[in-house]
Structures are given as C-alpha cells and as structure tokens.
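Visitor: Okay, handing you the structure first.
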Amino acid sequence: MLPTVEAQRKKVGVVLSGGGAKGVAHIGVLKVLEKAGIPVDVIVGTSMGSIVGGLYAIGYSADQLDSLVRVQDWMFLLSDKVNRYDLPFGEKEQDGKYLLSVPFDRGKKRPSGFISGQNVYNLFSDLTIGYHDSLDFLQLPIPFACVAADMFHREEIVMKGGNLVQAMRASMAIPGVFTPVRTEDRVLVDGGILNNFPTDVARELGAEIVIGVDVQADLMKEDKLESVSGVIPQIINLLCMNKHEANVKLADLVIRPDMKGFSAASFSARAIDSLLARGKVAALQQWSEIMRVKELIGESGNVDNEIPKAHQPEKIAIRNVIIRGLSLREEGWVRRKMRIEENSEITLNDIHREIATLYGTKAFVAVNYRLLGTAPYDLELSLKSNPMSTLNIGFRFDSEDMAAILLNTTLNNRSLRGSQLALTGRLSKNPYVKLEYSLENTFLRGFNLAYMFRYNDVDYYRKGKKTNNVTYRYHAGELGLSSLYLRNFKFKVGLRYEYFDYNSLLFSNEDEVMSVRPEGFFSYYGVAELDTYDRRFYPSRGVSLEAVYSLYTDNLATYDGGSPFSALSVRFCPVVSLSDRLKVIPSAFGRVLIGHDPAYSYFNNLGGTEFGRYNTQQMPFVGINHVEVFENAVIVGKLEFRQRMGRKHYLSVIGNYALQDDNFFDLFGRKGIWGGGIGYSRDSMLGPIDLVFTFSDWSEKLGCYFNLGFYF
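Numbering follows the numbering used here, in which position 440 of the sequence shown is assigned residue number 425; successive positions increment by one, without gaps.
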C-alpha cells in the first residue's frame, strides 16, 4: 500500500495510458499538474505510460522529461541498429549491400518480434542509475506500478517490484513488434492488450483520487487501417475495450489530449513537439476541473512533494565487472576485448562504447548493463549469444547493367572465436559466385579462405566511343595469412591466385590488334584501410582511406621469366562539414603499375561511377561514363559539394581532374583531363537513388547515369 500522507488530504493517483508516441503528451499534462500543485502519491502506467511514469517516480520532473524526449533519436532507439562508427570493420564492409536480412537458426523457430529493444533498454538503464537492483516499486520516491500481459498464462500482470528497467521494457513490448520479456515462468508483452488505462490498479494501491491521462484512440474506420501503426493500436483497443470503459468510470478526472493526425509511430521531432504541446493544452483546458479535484484532495496551496531530483553522474566508480550469460571461454574473449577495468572510474560514454563494440560484432542478440549496489558499483553485463545465421538479399537497377540481384547466406554468423561460412551470388549481366570461410583464432588475428568465379562481359571505350567487347571467365582463390581488424581500421596480408580465361579477341580497331592468351597469376598483397564514415551512403562526417600493394608473379617468384611487376593504389576521401546540410567532399586517388611489361589483366581502368565495378583496378571519373584503359600511372583529384534538402534528398555539384602517363614521374608534365556533373540523390528504403548528368573534355559528350538500389 501507499506510504502515509498528511491526514488532512486524500491520496492521489495519476494513471498514464499506453499509446506509443502519443504517450509523449503525458509529459505536457504532468507539467500542468505540477503548476497546479497537485500532489502525486502513486503513479501507474501501461506501455509508454509506464516509461513516463517510471521515470517520474524516481525523480525526473516534467521539465526534465520534456528535454529528454526532444533530444532522442527515436528511430534509432526503437531499432536494434548500431551506429556505423561502432561497427567492427568486417561488418562495415557488409553495411549497405542488402535490402533485406533474415536471421534463421536451423531447427529453431524465428524470433517472436522484429526488435529486441537493445537500444531502448540501455537508454532506460542510463536514466535509472541508482535504481538497478531488484526493488520494491512502492518504495520509490513516488510509488509506482506498471502493467504487462503474460502471454503464456493469459493474464494481466501488475508489476510492483523487481527490475525497474525490465518492467518498463515488458510493459511496452508490443506483440509482433518487440520481442517479449521472458522471466522464469512468464512471457511478458505490452500490458495495453489487457489493461491500457489501469485506474483500477491505482485504486487497489490506495488512491482515493485518480487523475487519468488517456491517449488511447477511438476505434478507427476501415480506410484508416492501412499500416502497421494503425492496425496494432486497433487490435489493442479491441482487446481491452470493455475494461477500458469500466476503468474510465473509476477516474475522478480524465484528460484526453487531441490525438488527431498522430499515431503510435509519430516519433518525428515535429510530432514530439506537437504532442508535448497538445498534452499541455488539454490539461489547461480542464484547469477548472483540476482545481475542483484539488479541493477534493483537501489541499489549498501548492504541494512540495520533496522528491529527490534524478540525475546522471558524470563519473561512475566501478568495483567489479560481472559478465552474465556466457561460457568461461566466451567470457575470456569478451574481457580481452573490453577496455573497462575493475576498480576504476568511468563515464556513461565508456559503457556505451563497450556495449556498441560487443553488440556490433553480431555475436550477441542483446548486450545490456546494470550498476548494482552503491558506488563503487558492480558493473553487470548481460549478454545473449546469437546462434543465428542470415539470409541476405540485395537488388539494384542502373542504366549501365540494368538489373542485378545479390544473394548471400552466412552460416554461424559471428560465432565467438569460431568459424563462419558465407556463400554469395550475384545474378546480372556479369554474374559471380563467391565462397568464403573464416576462422577467428584471437581478437587480433584471423585466417580466411575464399574462392570466386565471375563471368565478365565488358564493353571498353576510348574517348567515349566503344572500341571492343571483352568476355572472360575469372577464377580467384585467396588465402588470408594474417589480418588485423579493429573498429575503424583493417590491415590484411595474403596470397591470391587469379586466372583470366579470355575467350574473345581482346582489342581491335584500325590502329592495332591485340590478343591475350588465358593466363594465371600468383600475387602477394597487403591492404590497409581506415573507415570512420557515419554512413556508407551520403555520409555527413568521417574519413575513408585505403592503400593496397600487390606483387604479381606467374610462379610465386617471377613473371614471364623475369622480375615480377607490382601495383600500388591509394585512395583518400574525407567529408568536411560546412553546415548541418552542406558538405564538401574532397578526394584524391590513383594507381601506379611498377615494373616492365605489366600484364594486360591489370592495366589501369578509369570511368564509371564506382570503384571496382568490373575489376579491382577500375577507378571512377565523373564525365567518363564507361570503362576505358589508361596508362600505367593515373591520379585523380575530385571535389564535390553536396546539399541536403529535407531529410533524405540531396543535390550535388562535382568536378574532377585526372593525369595519366606511363611513367609516374612524368605525370605532371602531361595535359590533364577534366570532367564534372550535377546530380540528384535520394536516400530511400530501397537504397540510394542517384541521377547524375556529366560532361568531360575527354569524350566531349554529355552523359547521364541512373541508379536505384544498393551498390554491390
């Protein structure tokens, strides 16, 4: 029951309904109740109401909650995504390739929800430091309870104690959207399906006066049921309709903010601002009723609840680090990866960094934390291993190769210190299949084998005019001898065998005829790469840097009876922010062939819109619309101005300049090639949409390129 309150007044309960994003309006109402001096002796909530209520119960004021909801990236929170910066390098290489990824585990069922709640759970942990132990919720600064539904026992569960974060997470677990919260004998989901306006719970806890805030929508008409954000609230309304009507009658005052035009998914910044305002307006419109209730309470003046204000500490003293959910071997792997030490002082950002690094490996489906006891705390990390393999599908349409589909299956995805097998195939004019096997021995070293078969049918041009068509079958086998993968950096060395099986005349025009026999090459290679982009496409900050050196032979020691030849390529591309919307992207890249008579298969190629489209040595150039063969040394400087319009639309102005020569040291004595273009892009659910108009003095032709879908 509730703690004793002054004898001269009645006990007051505030009830906050569920409603997804619409529950933000609760905060606006709480602001007005604070202004009116209404005491709060108990607070009860369901779903979003449980989140607002739980935080209010531990000392967050309405003003603090207002600030909190305004600054959150809700699209990120209500997902299981990891910021790209925090992904391990191996995951960054796969980022932005697939339209759809479906996890599966042979012999087991699919997860019971699309979102595990990784990000929102850890936000709750951040906001409830000091309340992470198992608690009696009725002993919080403001007594609190929230409602969930047990799917297994088919009953309403009123949570009045235990893990506060877990209770709030369970109360908001919309079936089919968020995974349920599982305890020893219960499977808990959003309490709104059984009791979305729990005034009865407030009465049971001793509230004599009940003020309810109801953002539950009325039943919608047929033409409104066209999206998940419309169907799910309708189902919840139907399931709890009878109880909702009865519970409304138990309230002394019900405040209903105007929710027209908003849904449970209205988490945009503009919607959040409007919902906060509508909650406040709805309460102010019932100011006279609030004053009437205040008289019933028995208080004539403003109330000082003397609730300690919640805060997040700048420094957190840690005594022990406890890891739950893993074997001793796996725990050792995690501890070696971590940078948090026992008996030290850390910040919340340190915890966020460790969680993001661990979760980003995709070895876990959940990485959560608690700070147990009092300072110095025991930091408890709870990890749940990810046994899932994945099936990935990518799609692309462009004006050069038309349609392409990318299919991938990865078995035992990111198992700790284990093996991984991946099979990838592309269906297109230039199809390929690739089989990769990797084994991670330690955090810093790995071993990998790969085989790739590719059929290439490529048109080559000279100054914008088609000169020939090349068709060949390409086989490649690779052994990664040693590798270093950090969060933003990769270093790898290895041995590769490549076989080019040419089956057509390679080059023919009025001036020369060249034919090339099928030929195989052994090469030793080293790759160093840095990637700090925040996004693969249309990044707003970060740097991309790559250097590759390869030494080519035909017998592991020589080439064609003489010295081997080699190739060095370098690429540097930072993003410079002039404003929130305007970015400047300067870049420089080039490739140099070193040695006498390098093989045709490794001649420099320039043209098109992306690196490595048809072969690894292809470099893009705005204004050269198709791939062309260039001399042994090529360098390119490029400058792009990109302006964002709205949230996902971009306009670009691009210029680039190239130099080429057979001798690197004679490059700057040659006349260069310039080109430029203007482009429109959109960041869509199907992937990047790019339309670019180009021109260069090399071909002296206008060009146009269109792409829809992820680049692969």
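Using N, Cα and C, we set each Cβ at its ideal position, and we do this for glycine too.
Model, not experiment: these values are computed from the prediction.
Which class does residue 318 belong to by DSSP, given the choice of helix, strand or coil?
Guide: Working through the sequence shown from its first residue, we reach residue 318 at position 333. In this structure, residue 318 counts as helix in the three-state DSSP scheme.
Visitor: What's the gap between the Cα of residue 378 and the Cα of residue 152?
Guide: Residue numbering aside, residue 378 sits at position 393 when the sequence shown is read from its first letter. Residue numbering aside, residue 152 sits at position 167 when the sequence shown is read from its first letter. In a straight line, the C-alpha of residue 378 is about 36 Å away from that of residue 152.
Visitor: Roughly how many angstroms separate the alpha carbons of residue 20 and residue 10, rounded to a whole number?
Guide: Residue numbering aside, residue 20 sits at position 35 when the sequence shown is read from its first letter. Residue numbering aside, residue 10 sits at position 25 when the sequence shown is read from its first letter. Those two C-alpha atoms are separated by around 16 Å.
Visitor: Below 7 Å CB to CB, which residues in the same chain sit around residue 331 once its five sequence neighbours on both sides are set aside?
Guide: The count along the sequence shown starts at 1 and reaches residue 331 at position 346. Excluding sequence neighbours, residue 331 sits near 301, 303 and 325.
Visitor: Less than 8 Å between the beta carbons of residue 42 and residue 23, yes or no?
Guide: Stepping through the sequence shown from its first residue, residue 42 is reached at position 57. Stepping through the sequence shown from its first residue, residue 23 is reached at position 38. Cβ atoms of residue 42 and residue 23: not closer than 8 Å.
Visitor: Assuming residue 677 is part of the beta strand (DSSP E), what are its boundary residues?
Guide: On the sequence shown, position 692 is the one that residue 677 refers to. Note, residue 677: beta strand (DSSP E), 672 to 681.
Visitor: Is residue 279 helix, strand or coil by DSSP?
Guide: Position 294 of the sequence shown holds residue 279. Residue 279: helix per DSSP, three-state reduction.
Visitor: Can you tell me where the alpha helix (DSSP H) with residue 55 in it begins and where it stops?
Guide: For the purposes of this step, residue 55 is identified with residue 70 of the sequence shown, where counting begins at 1. Where residue 55 is concerned, the enclosing alpha helix (DSSP H) stretches over 47 to 56.
Visitor: Rounded to whole angstroms, what's the CA-CA distance from residue 658 to residue 452? Just pull it up for me.
Guide: On the sequence shown, position 673 is the one that residue 658 refers to. On the sequence shown, position 467 is the one that residue 452 refers to. Looking at the two C-alpha atoms, the distance is approximately 20 Å.
Visitor: Would you mind reading off the limits of the beta strand (DSSP E) that contains residue 342?
Guide: Along the sequence shown, one-based indexing puts residue 342 at 357. From DSSP, residue 342 is part of no beta strand (DSSP E) but of the alpha helix (DSSP H) over 333 to 345.
Visitor: So, using beta-carbon positions, are residue 698 and residue 606 closer together than 8 Å?
Guide: In the structure as shown, the chain starts at -14 and stops at 697, and residue 698 therefore has no counterpart that could be examined.
Visitor: In angstroms, rounded to a whole number, what distance separates the CA positions of residue 693 and residue 82?
Guide: Translated into positions along the sequence shown, residue 693 becomes position 708. Translated into positions along the sequence shown, residue 82 becomes position 97. In a straight line, the C-alpha of residue 693 is about 12 Å away from that of residue 82.
Visitor: Can you check whether the CB of residue 247 is closer than 8 Å to the CB of residue 723?
Guide: Residue 723 falls outside the range modelled here, since the chain spans only -14 to 697, and no answer is possible.
Visitor: Considering only residues of the same chain and omitting the five flanking positions on each side of residue 563, which have a CB-CB separation below 7 Å?
Guide: On the sequence shown, position 578 is the one that residue 563 refers to. Excluding positions up to five away in sequence, the list reads 569.
Visitor: For residue 121, is the classification buried or exposed, using 16 other Cβ atoms within 10 angstroms of its Cβ as the cut-off for buried?
Guide: The residue you call residue 121 lines up with position 136 of the sequence shown. Classification of residue 121: exposed, given that the 10 Å Cβ count is below 16.
Visitor: Just tell me which of 125, 508, 673 and 679 has its CA closest to the CA of residue 295.
Guide: Here residue 295 corresponds to residue number 310 of the sequence shown, with the count starting at 1. With distances taken between Cα atoms, residue 295 lies closest to 125.
Visitor: Can you name the start and end residues of the alpha helix (DSSP H) that residue 10 belongs to?
Guide: Taking the first residue of the sequence shown as position 1, residue 10 is located at position 25. 10 to 21 is the span of the alpha helix (DSSP H), which, as asked, contains residue 10.
Visitor: I believe residue 368 touches residue 388 by the beta-carbon criterion, under 8 Å. Please report the beta-carbon distance rounded to the nearest angstrom.
Guide: Here residue 368 refers to the residue found at position 383 when the sequence shown is read from its first residue. Here residue 388 refers to the residue found at position 403 when the sequence shown is read from its first residue. That belief does not hold up - the Cβ atoms of residue 368 and residue 388 are roughly 41 Å apart, past 8 Å.
Visitor: For residue 539, which residues from the same chain have a beta carbon less than 8 Å from its beta carbon, with the 5 sequence-adjacent residues on both sides left out?
Guide: Locating residue 539 in the sequence shown gives position 554, where the first residue counts as 1. Excluding sequence neighbours, residue 539 sits near 504, 505, 506, 507 and 545.
Visitor: Are three or more beta carbon pairs between the stretch 673 to 682 and the stretch 44 to 60 nearer than 8 Å?
Guide: In short, these stretches do not touch, since the Cβ pair count stays below three.
Visitor: Quick one: any contact between the stretch 131 to 143 and the stretch 172 to 189, if contact means 3 or more CB pairs under 8 Å?
Guide: Yes, they touch.
Visitor: Below 8 Å on the Cβ atoms is my contact criterion, and I expect residue 13 with residue 262 to pass it. Report the Cβ-Cβ distance as a whole number of Å.
Guide: Here the question's residue 13 lines up with position 28 in the sequence shown. Here the question's residue 262 lines up with position 277 in the sequence shown. Confirmed, Cβ separation roughly 6 Å.
Visitor: Return yes when the Cβ of residue 679 is within less than 8 Å of the Cβ of residue 608, no when it is not.
Guide: Looking up residue 608 in the sequence shown gives position 623. Looking up residue 679 in the sequence shown gives position 694. Yes. Within cutoff.
Visitor: With C-beta atoms as the reference, is residue 341 less than 8 Å away from residue 80?
Guide: The residue labelled residue 341 in the question sits at position 356 within the sequence shown. The residue labelled residue 80 in the question sits at position 95 within the sequence shown. No, these two residues do not count as a Cβ contact at 8 Å.
Visitor: Between the Cα of residue 438 and those of 130, 600, 251 and 629, spot the shortest distance and give me the residue it belongs to.
Guide: Within the sequence shown, numbered from 1, the residue matching residue 438 stands at position 453. With distances taken between Cα atoms, residue 438 lies closest to 600.
Visitor: Looking only at C-alpha atoms, which of 365, 297, 357 and 313 sits nearest to residue 334?
Guide: Residue mapping note: residue 334 aligns to position 349 of the sequence shown, counting from 1. Comparing Cα positions, the closest option is 297.
Visitor: Which runs of the alpha helix (DSSP H) spanning at least 4 residues fall entirely within the stretch 58 to 94, listed in chain order?
Guide: Complete alpha helix (DSSP H) runs here, min 4: 59 to 62 and 74 to 79.
Visitor: Helix, strand or coil: how does DSSP classify residue 229 here?
Guide: Your numbering for residue 229 matches position 244 in the sequence shown. In this structure, residue 229 counts as helix in the three-state DSSP scheme.
Visitor: Is residue 184 helix, strand or coil by DSSP?
Guide: The count along the sequence shown starts at 1 and reaches residue 184 at position 199. Of the three classes helix, strand and coil, the one that applies to residue 184 here is helix, per DSSP.
Visitor: To the nearest angstrom, how far is the alpha carbon of residue 184 from that of residue 39?
Guide: Here the question's residue 184 lines up with position 199 in the sequence shown. Here the question's residue 39 lines up with position 54 in the sequence shown. So the alpha carbons of these two residues sit roughly 16 Å apart.
Visitor: If we require 3 or more residues per run, which beta strand (DSSP E) segments fall completely within the stretch 138 to 177?
Guide: The stretch 138 to 177 contains these whole beta strand (DSSP E) runs: 140 to 144, 161 to 163 and 172 to 175.
Visitor: What residue does the alpha helix (DSSP H) around residue 307 start on, and which one ends it?
Guide: Here residue 307 is taken as the residue at index 322 of the sequence shown, counted from 1. Here residue 307 belongs to no alpha helix (DSSP H); instead the beta strand (DSSP E) covers 301 to 309.
Visitor: What is the C-beta distance between residue 346 and residue 73, in whole angstroms, given that I count them as a contact (C-beta under 8 Å)?
Guide: Mapped onto the sequence shown, residue 346 falls at position 361. Mapped onto the sequence shown, residue 73 falls at position 88. Confirmed, about 6 Å.
Visitor: Quick check: the Cα distance between residue 429 and residue 478, rounded to an integer number of angstroms?
Guide: Working through the sequence shown from its first residue, we reach residue 429 at position 444. Working through the sequence shown from its first residue, we reach residue 478 at position 493. With a pLDDT of 47 at residue 429, under the threshold of 50, the modelled position of this residue cannot be trusted, and the question is left open.
Visitor: Taking residue 625 and residue 696 to be in contact with their CB atoms under 8 Å, please state how far apart those CB atoms are, rounded to whole angstroms.
Guide: Here residue 625 is taken as the residue at index 640 of the sequence shown, counted from 1. Here residue 696 is taken as the residue at index 711 of the sequence shown, counted from 1. Not a contact, Cβ separation roughly 16 Å.
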